[in-house]
Amino acid sequence: MWLRLLERLEAGGPPSDPPDWLRRAVRTEARRARRTARRETAPAGDPADTGGHDPERLALAAARRRALRDAVRRLPGRCPRLLEALLSPRDPTYREIAGELGISQGSLGPERSRCLGCLRRLLTQEVAARGGRG
């Protein structure tokens, strides 16, 4: 961040609101790092090498993801939309999510917490119903 600030000072002078500039710069850099991490993949090795991921393990992981998506869809109220927005690959800000859902930005954290609690209870019940398997 300090390097970015020095570049900014050389290019156009000091920012008009340094604390605000720093917050925006850190947020932008964090988003850039997340996008880069998502795009990076391990170099391809031997095509026959599954990297320790046997087909059964891959199938089980896919089934867990499918079960999680199904559970999120069954959540009450705006929970499915909220969790979908929070996990969106476009990485929206709390302000953008609040605007999409028509709620205040300050209520997103408590709402998210309630939704995750509902999801936890739902999944716990499902695991218990299956006898603890999976």
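Converting from the sequence shown to this note's numbering requires adding 2 to each position, the first position being numbered 1.
For every residue, glycine included, the Cβ atom is placed at its ideal position computed from N, Cα and C.
Quick caveat, the model's predicted, so the values are computed rather than measured.
query, result
"With C-beta atoms as the reference, is residue 99 less than 8 Å away from residue 89?", "no"
"Do residue 73 and residue 103 have their beta-carbon atoms positioned less than 8 Å apart in this structure?", "no"
"Would you call the CB atoms of residue 117 and residue 70 closer than 8 Å?", "no"
"What does the alpha-carbon distance come out to for the pair residue 18 and residue 29?", "18 Å"
"Express the C-alpha separation of residue 129 and residue 38 in angstroms, rounding to a whole number.", "35 Å"
"Quick check on DSSP: helix, strand or coil for residue 92?", "coil"
"Would you mind reading off the limits of the alpha helix (DSSP H) that contains residue 112?", "110–131"
"Could you have a look at residue 101 and say whether DSSP puts it in helix, strand or coil?", "helix"
"Tell me the DSSP secondary structure of residue 22 in three-state form.", "helix"
"If residue 110 sits next to residue 96, beta carbons under 8 Å apart, how far is it from one beta carbon to the other, in whole angstroms?", "5 Å"
"Residue range of the alpha helix (DSSP H) that residue 77 falls in?", "First-last for residue 77: undefined, no H or E at that position."
"Between 21, 5, 32, which has its C-alpha nearest residue 94's C-alpha?", "32"
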